[in-house]
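A.B. asks: Encoded as structure tokens, here's the structure I'll be asking about.
In my numbering, the protein residues as written are 218 to 601.
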């Protein structure tokens with residue numbers, strides 16, 4: 218069946234001219250179809266279908282099990298003929314820059330970019346715009362002329378974490394001292410989380426130490442927590458704000474190595490499986506669920522719409538600003554707090570994990586105590 222040629226975008230990209238192309242390549246670039254006869258030619262190296270590149274910063278638990286399969290599945294649901302290439306930078310800025318350059322060279326139509334370092338990706342994003350390639354910034358906002366942004370309300374993430382710490386401290390909060398283990402300064406989300414947390418914590422608890430964790434790396438967080446223990450003393454650390462579950466893992470390891478028992482209240486984010494299990498064991502106070510399905514699906518919808526030259530007006534209800542670009546169409550989703558009492562109604566009900574995945578033999582007694590049982594209505598099915 219012959220599909221129609223892609224119409225030109227209603228709003229042309231700003232920020233520089235398109236990369237020169239031959240007349241045949243330019244004509245083929247407008248074609249959405251594999252039926253070459255309909256548009257008089259075939260683009261170099263492909264069928265004429267939309268090419269969408271997805272660039273993740275690494276291949277961690279979350280991206281491998283959730284974002285990647287969910288996004289690819291939704292792209293193909295919306296656009297069966299779309300060609301999708303997914304790469305991981307393994308947390309290397311240079312690698313991600315090279316991957317983006319390669320996708321531009323291969324004439325991708327749209328890129329979905331989760332930047333290793335938002336500032337360092339500015340030049341590649343500008344290069345993409347000059348080449349006529351639209352960029353959807355995913356999860357963290359990259360600098361440069363991105364066309365759309367999909368993430369969660371970062372300030373609300375921080376507020377949820379801070380409120381949980383204050384609840385855990387109760388009447389002792391005003392006389393308590395906490396350590397803040399923030400994310401990487403290269404990630405604008407880190408500042409967003411911290412800003413939200415401080416809006417709740419200021420004047421209600423004393424902040425003894427606050428660290429920005431290089432690259433969100435566990436070894437850096439572990440070293441920072443060890444330094445805080447040496448500087449403040451374990452007996453003077455009443456709670457630890459951890460920006461995500463990766464940092465919480467490292468902080469808990471440092472506290473255990475220092476033989477701190479019982480552990481103080483500790484926050485997290487991303488609802489990693491090991492963090493959910495730590496809720497059951499009492500080693501972690503809370504985590505934040507950011508439902509990955511709607512995030513991945515909104516990014517997929519943005520990418521397909523931009524590739525087809527369609528407006529994002531019906532998809533993006535918000536506008537955000539980066540240090541370089543104003544009024545970016547955005548989808549900002551609502552994060553959800555998770556505690557030991559709400560596991561069933563959040564991560565299991567949302568289909569993130571099954572009871573079997575959470576309640577391994579080590580955690581079975583705690584699961585039984587907290588009423589985690591096998592669902593009988595189809596809930597608890599993993600999206601993997």
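The beta-carbon is built from N, C-alpha and C at its ideal position, and this holds for glycine as well.
Quick caveat: nothing in here was measured; it's all calculated off a predicted structure.
In chain order, what residues of the same chain have a beta carbon less than 6 Å from the beta carbon of residue 300, not counting five sequence neighbours either side?
C.D. replies: Answer for residue 300: 266, 268, listed in chain order.
A.B. asks: What does DSSP give as the partner residue(s) for residue 399 in the beta ladder?
C.D. replies: Residue 399 pairs with 429.
A.B. asks: What separation, rounded to the nearest whole angstrom, lies between the Cα atoms of residue 334 and residue 586?
C.D. replies: Using only the alpha carbons, I get a separation of about 43 Å.
A.B. asks: Am I right that residue 305 and residue 284 are in contact with their C-beta atoms under 8 Å? What's the rounded C-beta distance?
C.D. replies: Contact flag wrong, Cβ pair sits at about 11 Å.
A.B. asks: Does the separation of the CB atoms of residue 332 and residue 359 fall below 7 Å?
C.D. replies: Contact flag set, yes.
A.B. asks: Go ahead and pull the three-state DSSP assignment for residue 459.
C.D. replies: Three-state result, residue 459: strand.
A.B. asks: Mind checking which residues open and close the beta strand (DSSP E) that includes residue 267?
C.D. replies: No beta strand (DSSP E) holds residue 267; DSSP gives it neither H nor E.
A.B. asks: For the stretch 332 to 358, list the alpha helix (DSSP H) runs that are entirely contained and at least 4 residues long, ordered along the chain.
C.D. replies: Listed in chain order, they are 339 to 347.
A.B. asks: Return the chain-ordered list of same chain residues with a C-beta closer than 7 Å to the C-beta of residue 554, the five sequence neighbours on each side being excluded.
C.D. replies: Excluding residues within five positions, the ones whose Cβ falls inside 7 Å are 377, 381, 503, 505.
A.B. asks: For residue 589, I'd like the list of residues in its chain whose CB is within less than 7 Å of its CB, leaving aside the five on either flank, ordered along the chain.
C.D. replies: 560, 561, 572, 575, 576, listed in sequence order.
A.B. asks: Quick one, which of 421, 544, 444, 411 has its alpha-carbon nearest residue 461's?
C.D. replies: Ranking 421, 544, 444, 411 by Cα distance to residue 461 puts 411 first.
A.B. asks: Quick check on residue 589: does DSSP put it in helix, strand or coil?
C.D. replies: If DSSP states are grouped into helix, strand and coil, residue 589 belongs with coil.
A.B. asks: Taking its Cβ as the centre, do 16 or more other Cβ atoms sit within 10 Å of residue 421, making it buried, or is it exposed?
C.D. replies: Residue 421 comes out exposed.
A.B. asks: Ignoring anything shorter than 3 residues, give me the beta strand (DSSP E) runs that lie fully in the stretch 455 to 510, in order along the chain.
C.D. replies: 456 to 459, 504 to 506, all fully within the stretch 455 to 510.
A.B. asks: Of all the options 392, 436, 430, 394, which has the alpha carbon lying nearest to the alpha carbon of residue 408?
C.D. replies: Of the candidates 392, 436, 430, 394, the one whose C-alpha sits nearest the C-alpha of residue 408 is 430.
A.B. asks: Considering only their Cβ atoms, is the gap separating residue 479 from residue 385 smaller than 7 Å?
C.D. replies: Result no, Cβ atoms of residue 385 and residue 479 do not sit closer than 7 Å.
A.B. asks: So residue 519 packs on residue 365, CB below 8 Å; how close in whole Å?
C.D. replies: That belief holds up - the Cβ atoms of residue 519 and residue 365 are roughly 5 Å apart, short of 8 Å.
A.B. asks: Alpha carbon to alpha carbon, how far is residue 528 from residue 317? Give it in angstroms, no decimals.
C.D. replies: Cα-Cα distance, rounded: 24 Å.
A.B. asks: Where residue 390 and residue 457 are concerned, what is the direct C-alpha to C-alpha distance, given to the nearest angstrom?
C.D. replies: Each residue's alpha carbon lies about 12 Å from the other.
A.B. asks: Measure the alpha-carbon distance for residue 447 versus residue 477 and round it to whole angstroms.
C.D. replies: Computed Cα separation, rounded: 13 Å.
A.B. asks: Taking the beta strand (DSSP E) that residue 365 falls in, what are its first and last residues?
C.D. replies: Looking at the DSSP string, the run of the beta strand (DSSP E) that includes residue 365 is 365 to 369.
A.B. asks: Assuming residue 272 contacts residue 313 (C-beta within less than 8 Å), just tell me the rounded distance between them.
C.D. replies: Going by Cβ atoms, the distance from residue 272 to residue 313 rounds to 6 Å, so yes, they are a contact pair.
A.B. asks: Using three-state DSSP, classify residue 527 as helix, strand or coil.
C.D. replies: In the structure shown, residue 527 sits in coil (DSSP, three-state: anything other than H, G, I, E or B).
A.B. asks: Spell out the partners DSSP gives residue 545 in its beta bridges.
C.D. replies: DSSP, once it has assigned bridges, lists 537 as partnering residue 545.
A.B. asks: With residue 367 and residue 353 assumed to form a contact (beta carbons below 8 Å), what rounded beta-carbon distance in angstroms separates them?
C.D. replies: Between residue 353 and residue 367 the Cβ distance is about 7 Å, and since that is below 8 Å, they are a contact.
A.B. asks: Helix, strand or coil for residue 423? Go by DSSP, reduced to three states.
C.D. replies: It is a strand residue.
A.B. asks: When you compare the CB positions of residue 524 and residue 388, do they come within less than 7 Å of one another, or not?
C.D. replies: Their beta carbons are not under 7 Å apart, which means residue 524 does not touch residue 388 by this criterion.
A.B. asks: Using a Cβ-Cβ cutoff of less than 8 Å, which residues in the same chain neighbour residue 580 once the five nearest sequence positions on both sides are dropped?
C.D. replies: Excluding positions up to five away in sequence, the list reads 494, 497, 498.
A.B. asks: Take residue 443 and list the residues in its own chain whose beta-carbon comes closer than 6 Å to its own, dropping the five residues that flank it on each side.
C.D. replies: Around residue 443: 471.
A.B. asks: Do residue 578 and residue 507 count as a contact pair if the criterion is CB distance below 7 Å?
C.D. replies: The answer is no: Cβ separation not under 7 Å.
A.B. asks: With distances taken Cα to Cα, identify the nearest neighbour of residue 468 among 416, 441, 567.
C.D. replies: The option with the nearest alpha carbon to residue 468 is 441.
A.B. asks: Along the chain, where does the alpha helix (DSSP H) containing residue 417 start, and where does it finish?
C.D. replies: Where residue 417 is concerned, the enclosing alpha helix (DSSP H) stretches over 405 to 418.
A.B. asks: Check whether the Cβ atoms of residue 287 and residue 513 sit closer than 7 Å, and answer yes or no.
C.D. replies: Cβ atoms of residue 287 and residue 513: closer than 7 Å.
A.B. asks: Beta strand (DSSP E) containing residue 305: first to last residue?
C.D. replies: First-last of the beta strand (DSSP E) with residue 305: 300 to 305.
A.B. asks: Alpha carbons only, please: which of 434, 347, 425 is nearest the one belonging to residue 449?
C.D. replies: When only C-alpha atoms are compared, the closest one is 425.
A.B. asks: Mark residue 534 as exposed unless 16 or more other C-beta atoms lie within 10 angstroms of its C-beta, in which case mark it buried.
C.D. replies: The residue in question, residue 534, is exposed, as its Cβ has fewer than 16 Cβ neighbours within 10 Å.
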